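Just so we're aligned: the sequence shown equals residues 1 to 483 in the UniProt record's numbering. Cβ atoms here follow ideal geometry from the backbone N, Cα and C, with glycine treated the same way. This structure is a prediction, so every number in the text was calculated from the model and none was measured. Right, one structure below, let's go through it.
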Amino acid sequence: MPVKNQVMLITYPDSLGRNLKDLRAILKRYFDGVVGGVHILPFFPSSGDRGFSPVTYKKVSPEFGTFEDIGALAQEYYLMFDYMLNHISAQSAYYQDFLKNKDASLWKDLFIRYKIFWKNSFPTQEQVDVIYKRKPRAPYVDAHFTDGTEEKVWCTFSEEQIDLNVRSTVTKRFNRNNLEFLVKQGASIIRLDALAYVTKRPGTSCFFIEPDIWNILNEYSEILKPFHVDILPEIHEHYSIQLKLAEHGNWVYDFSLPMLVLHALYSGLAERLVHWLEICPRKQFTTLDTHDGIGVVDVKSLLTDKEIDFTIKALYEHGANIKQKYSSAEYNNLDIYQINCTYYSALGNDDAAYLLARVIQLFAPGIPQVYYVGMLAGKNDVDLLGRTKEGRNINRHYYTEEEIATETQRPLLKKLFRLMRFRNSYGAFEGTVSISRQVEPNCFAIHWENSELWTELYVDLAEKKFSVQYFDERRGTDVEFLV
1 MPVKNQVMLI TYPDSLGRNL KDLRAILKRY FDGVVGGVHI LPFFPSSGDR
51 GFSPVTYKKV SPEFGTFEDI GALAQEYYLM FDYMLNHISA QSAYYQDFLK
101 NKDASLWKDL FIRYKIFWKN SFPTQEQVDV IYKRKPRAPY VDAHFTDGTE
151 EKVWCTFSEE QIDLNVRSTV TKRFNRNNLE FLVKQGASII RLDALAYVTK
201 RPGTSCFFIE PDIWNILNEY SEILKPFHVD ILPEIHEHYS IQLKLAEHGN
251 WVYDFSLPML VLHALYSGLA ERLVHWLEIC PRKQFTTLDT HDGIGVVDVK
301 SLLTDKEIDF TIKALYEHGA NIKQKYSSAE YNNLDIYQIN CTYYSALGND
351 DAAYLLARVI QLFAPGIPQV YYVGMLAGKN DVDLLGRTKE GRNINRHYYT
401 EEEIATETQR PLLKKLFRLM RFRNSYGAFE GTVSISRQVE PNCFAIHWEN
451 SELWTELYVD LAEKKFSVQY FDERRGTDVE FLV
């Protein structure tokens with residue numbers, strides 16, 4: 001199924017119900033017309049990071065279901081799957097074979113061995129300093145071989161996530177085989193997780209190195225082209241990277257929108273948000289929330305350092321059940337540039353502010369992605385956070401069907417779902433978008449037009465109010481959309 005210009009839900013296989021069968025039933029029962037696509041977060045066996053340490057791509061983890069369950073969803077929704085081009089699980093058969101057989105392993109070239117990558121087997125301090133890294137030292141783990149020897153292999157993230165050598169023939173064959181298998185299971189688009197980290201060269205940042213990044217994107221786009229499947233690179237960094245990706249014709253993420261909308265709602269000022277809406281890529285997926293925290297690094301230069309500090313301070317002051325320590329090392333937070341919080345709680349569990357944030361996202365250029373907790377306007381799950389001491393779990397509540405049945409009756413969600421159904425079905429959203437600045441600094445409008453069809457969102461940030469006008473084909477007149 002091709003990608004549709006309709007709201008895409010982001011969810012784990014076991015977050016809306018217990019498994020993929022439950023997910024499908026719940027989508028049909030409670031989200032009819034609300035969701036057109038589903039990003040199913042990693043459903044394959046994994047040894048860590050909630051699915052992002054894949055042991056294999058050829059199986060569905062038994063507790064989630066089977067590929068038949070995935071196929072059933074693919075008949076009804078366009079699907080996004082994750083692929084970790086950067087790493088594989090330390091528990092995978094490939095890495096375990098390498099530890100057992102070392103130089104005799106068929107998979108030895110799958111990994112980045114320090115003794116081969118670096119002159120003198122280890123980087124100089126100057127080389128370590130310029131690496132864009134997630135650790136306060138060189139990114140490696142010690143591989144302990146069965147023969148009693150050891151050596152260092154590249155490891156960007158946790159010790160369960162061993163980096164892959166994307167330049168080797170073995171890795172190219174490995175990736176092609178896995179990707180061709182996955183797309184046959186019903187993927188419409190493949191999300192390349194942490195893509196920028198695969199471009200490793202001595203003496204560089206080893207992050208989004210050009211032209212390497214373009215060669216890699218072209219290589220994997222060519223693999224997927226015969227299957228009519230798209231690629232979505234996942235990269236958190238300065239917004240200019242998204243603009244570069246878009247210039248090369250790629251789908252991109254709008255990771256800048258979450259902080260810009262928060263800044264606009266906290267300050268009552270539209271200028272920074274409007275500027276981004278004017279210049280942002282059009283071929284993109286928009287977000288306000290994801291399975292990770294609210295990104296800060298993505299708005300550098302779109303907000304000044306002072307405005308970023310203001311927004312973060314306002315989040316902690318006005319947000320509900322949110323503390324700075326939830327985004328610290330105490331709660332296993334790897335990324336200091338992300339804040340762990342649900343979007344609803346970031347807005348103080350304020351229905352009016354939240355609905356306004358979502359309608360801005362629905363009208364913003366691009367296809368809206370809505371995380372499952374955000375779809376249900378969920379509050380911070382402080383209980384789950386306390387039990388697990390995992391900061392990101394504050395935004396990873398497990399919903400039972402009973403909870404979903406109750407939550408979807410809230411007036412806020414009934415209004416939100418009406419807006420989403422309008423966004424999914426009204427033809428003007430297939431046309432062009434323009435942004436209108438207003439005399440008042442707290443107001444702006446977003447206008448969509450496609451032939452005679454048009455719709456416009458008018459926003460008043462100070463009052464936290466909005467209105468939606470559109471052309472009603474049946475009546476042949478302009479009307480207000482009643483939320």
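| Check | Outcome |
| --- | --- |
| Since Leu192 and Ile231 should fall inside the 8 Å C-beta cutoff, what is the C-beta to C-beta distance between them, to a whole number of angstroms? | 6 Å |
| What is the DSSP secondary structure of His39, reduced to helix, strand or coil? | strand |
| Just tell me which of Tyr132, Tyr470, Pro136 and Asp142 has its CA closest to the CA of Ser121. | Asp142 |
| Does Glu151 come out as helix, strand or coil in the three-state DSSP assignment? | strand |
| Taking the alpha-carbon of Val153 as reference, which of Ile131, Lys108 and Val130 has the nearest alpha-carbon? | Lys108 |
| Mind checking who Ile223 pairs with in its DSSP beta bridge? | Looking at the DSSP assignment, Ile223 forms no beta bridge with any residue, so it has no partner. |
| Look at the alpha carbon of Ser89 and the alpha carbon of Val274, and state the distance between them as a whole number of angstroms. | 42 Å |
| From the DSSP secondary-structure annotation, give me the bridge partner or partners of Ala445. | Ser436 and Tyr458 |
| Please name the residue or residues paired with Thr286 in a DSSP beta bridge. | Asp254 and Pro368 |
| Can you tell me which of the three DSSP states Ser205 falls into? | coil |
| Considering Cα atoms alone, identify which of Leu376, Leu362, Pro2 and Pro368 is closest to Tyr343. | Leu376 |
| For Ile231, which residues does DSSP report across the bridge? | Ile190 |
| Just to confirm, is the Cβ distance from Asp254 to Thr304 under 8 Å? | no |
| Anyone know if the C-beta pair for Val297 and Glu210 falls short of 8 Å? | no |
| Give me the residue from Ile216, Gly33, Val7 and Ile360 with the minimum Cα distance to Leu277. | Ile360 |
| Find the nearest neighbour of Thr311 within the set Gly268, Glu403, Asp350 and Val166, judged by alpha-carbon distance. | Gly268 |
| Tell me whether Phe67, by its Cβ, gets closer than 7 Å to a heavy atom of the ligand GTP. | Among the components modelled here there is no ligand, and therefore nothing to report on the ligand GTP. |
| Do Gly48 and Glu160 have their C-beta atoms closer together than 8 Å? | yes |
| Does DSSP put Ile10 in a helix, in a strand, or in coil? | strand |
| For a quick check, are the C-beta atoms of Leu16 and Tyr372 less than 8 Å apart? | yes |
| Could I get the ranges of all uninterrupted beta strand (DSSP E) runs contained in the segment 58-146, with 3 residues as the minimum, in chain order? | 78-83, 87-89 and 140-144 |
| Which residues share a DSSP beta bridge with Gly295? | Gln338 |
| Run through the DSSP bridge pairs and tell me what Thr477 is partnered with. | Asp472 |
| Using 8 Å as the threshold, is the C-beta distance between Met80 and Ile235 below it? | no |
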